[in-house]
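Q: Converting from the sequence shown to the numbering used here requires adding 1128 to each position, the first position being numbered 1.
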Amino acid sequence: MVENHIGKTEEGLPDNPDNDNIEELKALFAKEQEKTQSYLANWQRATADLINYKRRADQEKAEAGNLSNSILIKKILPVLDDMERALACTPDEGISQELLVEGVTNIHRKFLSVLESEGISVIKVAGESFDPFVHEAVMQSDGEPGKVIAELRKGYKFNDRVLRPALVVVGKEKDKMEEKT
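In C-alpha cells form, the structure reads like this:
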C-alpha cells in the first residue's frame, strides 16, 4: 500500500488501525448488511404482491366476462324455448301456415328486442351512402353511384362498435358501351 501525505492508505483507512476502529467498521458493516437484507426482503415481498395482484385481476376479469355471458344467455333462453315450441308444431295438429309464420315472426321480434336491450343494433343500409366502416361491398350493380342498392347480409353494431359489417351491393354508373347497344 502506498501512503499519502496525511498518514492514510489509498483506501482511506488509517495505516495503524486500532481495535476500536475495527470494531466500529465491523458494526457499520453489520448494520449495512441488515439494511441490504431488509431491502431484499421488501423487494421480494413487493414482487410477490404484484404477481398475486396480476393473478387476481386476471381471475376477476374472467369471472366478469363469464357473468356477463351468463346474463345474456339467460335472456336468450326464452327465445330458444319459443323456437323449440314452434318447431315442435306439425301441420297435423291443425296449425295453419299463417299461424306458424306469425309465431316465428314474433320469436324473431323477441330475439331482436333481447339483442337491442344488450346494446346491439342493426346497421342501416337501404338508400344509405356506402360507408366502408360499416358496409362491405361484395358487388356493384347499375344504380345511383356510391349508394347501397341491396343488402345481402345484415350487419350489426354493439353500442358504436361494428361487430359485423353489412354485405352490400353498391350502385355504379352504367357503362357507356352498354348504353350505345
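All C-beta atoms, glycine included, are put in the ideal place defined by N, C-alpha and C. A quick note: this is a predicted structure, and the numbers were derived from the prediction, not measured.
With 16 other CB atoms within 10 Å as the buried threshold, where does Ala1294 fall?
A: When all chains shown are included, Ala1294 counts as buried.
Q: Report yes if the C-beta distance between Lys1275 and Ser1257 is below 8 Å; otherwise report no.
A: Closer than 8 Å, so yes.
Q: Just verifying my parser: in three-state terms, what is the DSSP assignment at Lys1302?
A: Lys1302: coil per DSSP, three-state reduction.
Q: Could you pull out every residue in the same chain whose Cβ sits closer than 6 Å to the Cβ of Val1290, ignoring the five residues on either side in sequence?
A: Contacts found: Val1262.
Q: Does the Cβ of Val1266 have 16 or more other Cβ atoms within 10 Å, making it buried, or fewer, making it exposed?
A: Exposed, since its Cβ has fewer than 16 Cβ neighbours within 10 Å.
Q: So, with DSSP's three-state summary, where would you put Leu1295?
A: If DSSP states are grouped into helix, strand and coil, Leu1295 belongs with the strands.
Q: Beta-carbon within less than 7 Å of Val1242's beta-carbon, same chain only, minus the 5 sequence neighbours each way: which residues are those?
A: These residues qualify, in order along the chain: Lys1203, Ile1204, Val1207.
Q: According to the neighbour-count rule (16 or more other Cβ atoms, all chains shown, within 10 Å of its Cβ), is Ile1277 buried or exposed?
A: Ile1277 comes out buried.
Q: In three-state terms, what does DSSP make of Ile1251?
A: Reduced to three states, the DSSP call for Ile1251 is coil.
Q: Looking only at C-alpha atoms, which of Glu1162, Gly1255, Asp1288, Arg1281 sits nearest to Gly1299?
A: Closest by alpha carbon: Gly1255.
Q: Can you give me the C-alpha to C-alpha distance between Glu1226 and Thr1233, rounded to a whole angstrom?
A: Rounded to whole angstroms, Glu1226 to Thr1233 spans 10 Å at the Cα level.
Q: Could you compute how far the alpha carbon of Ser1245 sits from the alpha carbon of Arg1213?
A: Each residue's Cα considered, the two are about 24 Å apart.
Q: Do you know how far the Cα of Arg1184 is from the Cα of Glu1138?
A: The pLDDT assigned to Glu1138 is 49, lower than 50, so where the model puts this residue is not dependable; a value taken from the coordinates is nonetheless given after this. Computed Cα separation, rounded: 54 Å.
Q: Kindly give me the distance between the Cβ atoms of Ser1251 and Gly1283, rounded to whole angstroms, as I take these residues to be in contact under 8 Å.
A: The sequence given here places Ile at residue 1251; Ser does not occur at that position. Between Gly1283 and Ile1251 the Cβ distance is about 4 Å, and since that is below 8 Å, they are a contact.
Q: Using three-state DSSP, classify Lys1163 as helix, strand or coil.
A: Looking at Lys1163 - three-state DSSP - the assignment turns out to be helix.
Q: The beta strand (DSSP E) spanning Ser1269 covers which residue range?
A: Counting along the chain, the beta strand (DSSP E) containing Ser1269 begins and ends at 1263-1270.
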